[in-house]
Every structure is written in structure tokens, then in C-alpha cells.
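Participant: Those protein sequences? They're chains A and B, same order as listed. Heads up, the first sequence is in the working numbering, so the first residue is 1 and it goes up one at a time. Heads up, the second sequence is in the working numbering, so the first residue is 296 and it goes up one at a time. C-beta atoms are modelled at their ideal positions from N, C-alpha and C, and glycine is treated no differently.
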Amino acid sequence: MSVYDQVSANRGRHGGRISAAASYLPANPATAICFGVLLLFALMAVFAPLIAGDPVKIDPAQRLTGPSASAYWGRDHLGRDVFARAVYGSRMSLLVGFSVAAIATVFGVAIGIYAGMSRIGGAIAMRLVDAMMAIPAILLAIAFAALMDAGILTVIIAISIPEIPRMVRLVRSVVLGVQQQPYVAAAISIGTGGLPLVWRHILPNTLGPVLVQATYACASAIITSAVLSFLGVGTSPEVPSWGGMMADARSFFRIHPELMVYPGVLLSLLVLVVNVLGDRLSDALDPRKMVRGSV
Amino acid sequence: MNDMTSRTPDSDMVLEVENLSLEFADRDKVTYALDAVSFSVGEGEIVSLVGESGCGKSVTAMTIMGLLPKHGARVTSGSALLRGRDLLHTSEREMRRIRGDRIGMIFQDPMTSLNPVHTVGMQVSETIRKHRRVSRGAAEKRALEMLDLVRIPDAASRLRAYPHELSGGMRQRVMIAMALACDPELLIADEPTTALDVTVQAQVLDLIADLRRDIGMSVILITHDLGVVAGVADRMMVMYAGRIVEQGPTEKLFADPAHGYTAGLMRSLPGVNARMHDELREIPGSVPRLDRKIEGCVFAPRCEFSSETCLAPLPQAQERAQGHWTRCIHADAVRQAMSDNDIVRAWA
């Protein structure tokens, strides 16, 4: 397809950025595959009861037995169905991943834009951010998880808090750059100011990098939640989670390495897919790049 | 008072800038960016601010628009009256009402002056909806009229185009449509053609000149290109190192340059009759640093006509002819040194 064909094909498609981005995404096979895999994970999480059996039922008589018709991936040291636990574990990972991404984005963008627009408020906010970033995220998460009641909400909040400063820092730097753009001066010169200026001109132009950061936050939250489960903080051990499964499998790694491999591979695959999609999405959301054929 | 336009305040002036001085203060250094800048813009007039980069043209425009950062830039004296109202002592809130409604502005680089994430129609409508209580549909209709007015072909379909889908000249037309959507009294065009091809430049300048006539607005045209000035401006102000060194009707200044800097600019232009190996005459030296106040003539160190007296405290501006003012005390010598050839080719 020539450049001109692409331009004219593009011309018919003015129906908003999101739909334009959506119609453009599957253009690249790698993107389409990643999107498909993520969709599979989502379906798995939603329809877990239809796919798998009971993930918490203990059956000590069948402990550490191999694959069977009732448990496709065998059973763990308490005789629980590994396949069922892996399927249900995706719920925990996806829920935590996307919730953390959403929370970090909302708070990070709000604080980041404020920090970018206000000199004094920005200076204060950035020193707080510096202070928070000096503490290792995992330690902070463990501390919060230990302070609050065990549960998935606790895990989400505990992981979100260290993610917010990163988003703040990114958004602020992007806002500082966008403010220097001539189109912001042009918007001010037609009388736009205050919130409309932020909402219409500054916020939309921070979207690309924010989205990438959000996917990284999502991916790292999935890992951190697995780490927390592995360490035994956060949710209670019977709630199926990939991190918890790996913790359980650790003692039997020599004789039954597959117990570690199943959740490990799923975790890695999900994180990989989310990261790749983040990169692709940032390109897809940029109207200037939509003209080009492939991402 | 070293004030060039010492006539009494004139009610049919759209804009009167009086004795405007401005400095940029950093932590440890001060830059005296504007020094006693005075000029006025009459009804329906195109006035040009000419000078090289860093001479204060854009700063003057930004000051009038109130676009300079609040911290750092400090107006130390003067006023800028829009129909008698001092824009320098107007709250930001009020300025937002004035910008886009009573003063429009277009910028140098049309490639980056439009927001890449919004359609052209939305950006033109934004001006209208900001200042007029109209429905979305009515604003869009007006936006369409504006795109037609600035001669964008197939305007209806362009409304939904994104800026990157338009050429540079087209984008500058969109900028003009945005700036003029609310019929401002004054248009400030900051190097509107610098980033454009020569042919497109001419189209955009013609458009501005025609719109001035049709709408009856006044224009401040900022440029470093004497050719642009000669083409459209009624009057011109030559700026150097933060001061207006000479101002007057365009043809007067070209025919009778009365400042060493103006003369130097004109002689550095290649004429129509220039031969292949003719050397262009440059102005020796470089622009003075503005980190301290200069008492005498700012151009004296580079000026071939300068003498001891030029370095003494600022020479008074003198009126050579009706409305033609110069700060040069050697104006006659400058004029005599210019050959007719220099004058003619500057016009070309």
C-alpha cells in the first residue's frame, strides 16, 4: 500500500481517537496475538467456575498425584486441584494489576498535573515523591499489608501507594514539556485558561506516556502481588494466587517442579503481554502516527 | 522623556504602547529586554515590528498579550492601552476575556501551534465557544465560515481533520481562523510566514492584508524579513536590542533610512540586480549583551557612522518628517552614505 493510499484510507476515519486507535491496533500480528492472549486471561478469570473445579477443596488422600481427568495439572501437597487454582489465580492477578494501574493513574495524573502547573505546590509534592521513592516499593507494600487487615483490597492499596510517585514524576515532567508547546501558548492566546486549558490541551497530550506507565504499573503490580503472596503477606493462603502457589510448590520443587512451572509461566506470560500491549498502545493513541501502516 | 510618539493620546488608536520597559530577572542576572518602547497602532492599520532575533519583537507582543511568565519577567515602566484600557494592569481573569475576543494572535510555527489531539474544527470552535454564548452547532457553523474565509478549500471536510493531515500553509490559515473567529480589533502576527515556503508566504500575507480590509482590524506584524514589511505594512518600527530605533511610514523608511541600523539592514539585502559573485554587505560585530543598561545608542559599537557623542546618554528621538522618528544623531550622514542603488534594491 502506498503512502497516498494510507493517507486517503486514514482520511475517512475521524471517529475519535479511541475508536481510531482500536481499529488500528490489530494491524500488527504481534499486537493481535498479545491482545488475544490478554483476552484469554480475562475470559479465564471471568468464567473460572465454568472451566475449572473447586480450587480450595483439600483432599489429602490424593496429595501430589499427577494429572488426571478430575485435575488436569495434578494436585498439590494438600491434594488441591492445581489447574483450578491456576485458573482462579488469574482473578487475583488481573484484579490487582488493573486496579493498581487505575488507582496509580488517577492519583498520579491528578497530583502530577498539579505539580507541573504550580511552582510552590509542585516543589512540595516532588519532595514528598522523592521521599517515597527512597523506600523500596516492596518494603512499603509489606508494611502496609501488615498494618491493615488481610484481603485483596489491602493488597491493592499497598501496591498502589508506591506506584503513585512514579506516575506523579512522569506526569509532571510531561506536563512541563507540554506547557512549552506552542499550541498551549496558542490556546492561551485565544483566551483559554485554568481548568479548560488543563483538560483540553494539557491532559490529552500526556495520555501516551501515562498509558505506557500505567501498563508498567499493571505489570509490576501483578509481580508484586505474586511476591506478597509468595511471602505470605496480604491475602490468606487458601485464596488461590499464583504467588501463593509458587510458595507452596517451593518445598517440593525437587520432586514436582511442574507445580512451580504452571503458575510461573502464566505469571510471566501475563506480564509480558501487558508490557508489549502498553508499548503498542502508546503508539496507537498518537494521531500523528496513525497514518503509518504498522506499529 | 525619550518618547517617540509624543503626540497627545489619540482616541482612534486601537493600541498605544507607551514607554514600555521590561526586564527578565534570573537568580543572579538581569536582562534588560525592552527599553522605553513606544508605538501606536491605528484603526485598520498594519504596523510592522522589524528586527533580528532577540531584539525584543516577540517579547513586546507577549507583553501586550500578557503571555510572559509571571515570575521572571518584570515590567518596570510603561503602559499598553487597548482603546484606553491598560493591558499591563489587567487581571489574568480579564485578560482571558480579552485574548481571542479583542486581540487575536498567530505564531511562528504553524506545525506546532495547533494541538495534535484535537480536530481543526474543534480548535476553531473553541475560540467561539469561549467568548460567545452559542451552541456547539452554531460554533461549528461559524468555524466553517471562518475556514472558508481564510480560503481553505473543501472546508466542510477539513473541520474534522487533525492538524497533522494539513500542510504548513493550511495550518497557518487554521491558526488565522482561530485568531479571528471572534472578530478581534487587533491581530498580532508573530513571524507568521517564517516557517513557510516563499509562495505560501505570499498567500498568507495577502490573506492577512485582505482580511484587514474586509474585517477592518488592525495588525501588528512581527518579522525579521524586510521583504514582508515592504509588501504589506503601512508603518514600520525597527527594533534593535530592546529599543525602537526608528519608526515611520514604510515607504519613508525605505526611501529615507535615518538610522545606522536600518541602513545596515537594507544594504545587507541582495537586490534584484545582484550578480552571482556580488558580496552581501553585512553589519560587523554582534548584538550587545543586555545584562546591563546601555546609556548611549545601542547600535553605536557596530555603527560605521558612530562618534563619541553616540555613547553619551541616549540621544533624543528626532522627527525627520511627519511621523518618521529616528534615534540616530547622524541621520543625515546615514542617508547620504546610502547610494540610490541601495535604496532601490531594498525596495525590490
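1) With B:Asp330 as the anchor, note down where its beta strand (DSSP E) starts and where it stops.
2) For my contact list, B:Ile515 and B:Ala474 are in at a C-beta cut-off of 8 Å; report their separation, rounded to the angstrom.
3) I need the straight-line Cα distance from B:Arg437 to B:Arg424, nearest angstrom please.
4) Pick from A:Ile58, A:Phe83, A:Leu94: whose alpha carbon is nearest that of A:Ser68?
5) Identify whether B:Thr621 lies in helix, strand or coil by the three-state DSSP scheme.
6) Could you confirm whether any beta carbon from chain A is found closer than 8 Å to the beta carbon of B:Val495?
7) Can you give me the Cβ contacts of B:Asp307 inside the same chain, cut-off strictly under 7 Å, excluding the 5 residues immediately before and after it?
8) If I'm right that A:Ala221 touches A:Val96 with Cβ under 8 Å, what's the distance once you round it to whole angstroms?
9) Around the C-beta of B:Pro608, are 16 or more other C-beta atoms found within 10 angstroms, so that it is buried, or is it exposed?
10) Which residues in chain A have a C-beta closer than 8 Å to the C-beta of B:Glu421? List them in chain order.
11) Within 10 Å of its beta-carbon, does B:Lys365 have 16 or more other beta-carbons around it, so buried, or fewer, so exposed?
12) Scan the stretch 100-133 of chain A for residues whose Cβ lies nearer than 9 Å to a Cβ of chain B and list them as they occur along the chain.
13) Look up B:Gln403 in the DSSP assignment and say whether it is helix, strand or coil.
14) For B:Asp396, return the contacting residues in chain A, with the cut-off set at a CB-CB distance below 7 Å.
15) With a 10 Å radius around its C-beta and 16 neighbouring C-beta atoms as the bar for buried, classify A:Asp283 as buried or exposed.
16) With a threshold of 8 Å on Cβ separation, who are the neighbours of A:Val212 within its own chain once the five nearest residues in sequence on each side are excluded?
17) Taking B:Gly464 as the reference, which of B:Leu439, B:Ser408, B:Ala451 has the closest Cα?
18) Could you check if A:Phe253 is buried or exposed, using at least 16 other CB atoms within 10 Å of its CB as the buried criterion?
19) Along the stretch 462-484 of chain B, what residues have a CB closer than 9 Å to any CB found in chain A?
20) Short check: CB of B:Leu376 to CB of B:Leu310, under 8 Å?
21) Between the stretch 534-541 of chain B and the stretch 365-374 of chain B, can you find at least three pairs of beta-carbon atoms closer than 8 Å?
22) Need the endpoints of the alpha helix (DSSP H) that A:Asn205 sits in, please.
23) If you run the structure through DSSP and keep just helix, strand and coil, what is B:Gln542?
24) Run down chain A in chain order and give the residues with a C-beta less than 8 Å from the C-beta of B:Ser408.
25) May I have a chain-ordered list of the alpha helix (DSSP H) segments no shorter than 4 residues that lie completely inside the stretch 31-119 of chain A?
26) State whether the stretch 131-144 of chain A contacts the stretch 185-205 of chain A, with contact taken as three or more CB pairs (one from each stretch) at a distance under 8 Å.
27) What does DSSP give as the partner residues of B:Ile341 in its beta bridges?
28) Give the interface partners of B:Leu344 over in chain A, defined as CB-CB distance under 9 Å, in chain order.
29) Measure from the C-beta of B:His426 to each C-beta in chain A and report whether the shortest distance is under 8 Å.
30) Could you tell me the distance, in whole angstroms, from the CA atom of B:Leu491 to the CA atom of B:Gln467?
31) Check whether chain B comes within 8 Å of A:Asn205, counting only Cβ atoms and requiring the distance to be less than that.
32) What does the alpha-carbon distance come out to for the pair B:Thr545 and B:Val524?
33) Examine chain A for any beta-carbon lying closer than 8 Å to the beta-carbon of B:Arg392, and answer yes or no.
34) At a Cβ cut of 8 Å, what residues of the stretch 353-365 of chain B count as close to chain A, listed as they run along the chain?
35) Quick check on the DSSP output: the alpha helix (DSSP H) that includes A:Asp283 runs from which residue to which?
36) Nearest to B:Asp529 by CA position, among B:Ser602, B:Gly379, B:Arg453, B:Val342, is which residue?
Facilitator: With the structure as the only source:
1) 325-337
2) Actually they are not in contact, since the Cβ atoms of B:Ile515 and B:Ala474 sit about 12 Å apart, beyond 8 Å.
3) 10 Å
4) A:Phe83
5) strand
6) no
7) Gly337, Glu338
8) 6 Å
9) exposed
10) Ala187, Ile190, Thr192, Arg200
11) exposed
12) Arg119
13) coil
14) Gly191
15) buried
16) Gly278, Asp279, Leu281, Ser282
17) B:Ser408
18) exposed
19) Met470, Met473, Ala474, Ala476, Cys477, Ile483
20) yes
21) no
22) 203-231
23) strand
24) Pro182, Tyr183, Ala185, Ala186
25) 48-51, 82-117
26) no
27) B:Val514
28) By Cβ distance, chain A contributes nothing, its closest Cβ being about 17 Å from B:Leu344, past 9 Å.
29) yes
30) 9 Å
31) yes
32) 8 Å
33) yes
34) Met360, Leu362
35) 258-284
36) B:Val342
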